[in-house]
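Just below is one structure, and these are the notes that go with it.
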Amino acid sequence: MSALREAQFEYDNRQPPPVSEESHAEAEWLETNAERLILGYRIEWGYRKDDRGEVTQADYWRALQDLANQRQKDGEDQIDAFGELLALAGNFGSGGRMFDLQVYLLGSKTARKEVALELLRPHAAKAVALQVEQDELEREIGW
Numbered sequence: 051m052s053a054l055r056e057a058q059f060e061y062d063n064r065q066p067p068p069v070s071e072e073s074h075a076e077a078e079w080l081e082t083n084a085e086r087l088i089l090g091y092r093i094e095w096g097y098r099k100d101d102r103g104e105v106t107q108a109d110y111w112r113a114l115q116d117l118a119n120q121r122q123k124d125g126e127d128q129i130d131a132f133g134e135l136l137a138l139a140g141n142f143g144s145g146g147r148m149f150d151l152q153v154y155l156l157g158s159k160t161a162r163k164e165v166a167l168e169l170l171r172p173h174a175a176k177a178v179a180l181q182v183e184q185d186e187l188e189r190e191i192g193w
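51 is the number of the first residue of the sequence shown in my numbering; add one for each residue after it.
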């Protein structure tokens, strides 16, 4: 019984392996530079030509795009978020980069309107007829 207690005591009092200063520094670097990359900074390291490296915003954007594209291919975009992003990019007088990206992705400045028109056109006649009916009904009952 004492061997069992001793083993249980040893098991209960185990400590995690010591964290080296190097792995702590790596974790801190990763955390700090991930935040910087998200905020728009280019991440560079190394001083000598052979040691230099970088992760640019273009690399980050490509990775984000690859992720978004893969999620769409896998059918994970259940709310058509990419389409909504494109629609919202042109709203609220957005004349900056977001608008430019939207134009680039859609192919023209008028593409959003053209798409909307194409979607609505098959339903226009019926919608107008129903509105005329509603207007006549409201006039008859005095609204």
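Ideal Cβ placement from N, Cα and C applies to all residues, glycine included. Bear in mind that the values here come from a model prediction, so they are computed numbers and not experimental data.
{"Item": "In this structure, what does DSSP give as the bridge partners for residue 103?", "Value": "95"}
{"Item": "Rank 84, 92, 88 by C-alpha distance to the C-alpha of residue 105 and give the top, closest one.", "Value": "92"}
{"Item": "Can you tell me the Cα-Cα spacing of residue 132 and residue 83, whole angstroms?", "Value": "27 Å"}
{"Item": "Taking DSSP as the reference, what is the three-state secondary structure of residue 122?", "Value": "helix"}
{"Item": "Between which two residues does the alpha helix (DSSP H) harbouring residue 184 extend?", "Value": "174–191"}
{"Item": "If you draw a straight line from the C-alpha of residue 162 to the C-alpha of residue 137, how long is it?", "Value": "7 Å"}
{"Item": "Are residue 140 and residue 122 close, meaning C-beta to C-beta below 8 Å?", "Value": "no"}
{"Item": "Taking the alpha carbon of residue 88 as the point to measure from, which residue in 110, 155, 158, 179 has its own alpha carbon closest?", "Value": "110"}
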